[in-house]
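Down below is the structure, laid out as structure tokens.
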Amino acid sequence: MKLTVKKIHRNLPDYKKIKALYKRAFPKEERFPAGILQILAVLNIFDGLAYYDGEQFCGFLYSIVREKGVWLMYLAVDANMRSKGYGSRILAYVKKKYPDRPVILEVEEPDDSAENAEQRRRRIAFYKRNGFHETNQYIKIRSVRYEIMSTEEGFTAEDFRDLRKEMFRRKS
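For our numbering, count along the sequence shown from 1 and bump the result up by 88.
So this is what it looks like as structure tokens:
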């Protein structure tokens with residue numbers, strides 16, 4: 089089983105599946121409108137990639153790739169493909185493609201009083217198993233506090249600020 093990758097665009101046969109998975113996987117308050125994601129991809133601000141095992145759609149990743157790092161914005165695996173290693177394989181693909189850059193993402197901080205407390209713990213454990221480290225760097229988005237995780241063990245607040253400055257510049 090070798091993952092293949094296709095750039096996400098409106099004419100991709102699985103575009104509707106990707107859009108539906110995006111809406112199921114991320115709460116409305118955490119999502120960019122789907123059309124905005126496409127515009128950001130066209131402007132080379134976001135990279136949108138769909139992952140396949142043969143012809144079978146597995147999941148997608150929207151990321152921001154810059155010199156200072158790769159920020160994973162939205163990663164989702166299709167419900168029928170979960171617990172089969174596809175999330176780990178997608179992360180391995182990204183780390184192999186950008187070996188000289190930290191890969192970062194944000195996760196909801198652990199909170200035992202949260203409705204999804206167990207899901208938060210499982211998600212953090214999943215990323216740790218896949219080579220990510222907790223950084224003790226936090227970001228608040230629409231009243232939700234997220235911790236930044238990075239493949240670079242010594243990722244600092246200054247690294248995070250530098251990446252954020254570079255984040256929405258177009259790639260050359």
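For glycine and all other residues, C-beta sits at the position ideal for the given N, C-alpha and C. Computed from a predicted structure; not experimentally measured.
Under DSSP, MET237 forms a beta bridge with LEU193, GLU222. Per DSSP, reduced to three states, the secondary structure at ILE96 is coil, with no helix or strand assignment. As the crow flies, the alpha-carbon of LEU149 is around 13 Å from that of LEU91. Buried is the label assigned to SER151, since at least 16 other Cβ atoms lie within 10 Å of its Cβ. Excluding sequence positions up to five before and after LYS183, its CB lies within less than 8 Å of the CB of VAL191, GLY219, THR239, all in the same chain and listed in chain order. When only Cα atoms are considered, ASP102 and PRO121 end up about 18 Å apart.
The beta carbons of LEU251 and ARG154 sit closer together than 8 Å.
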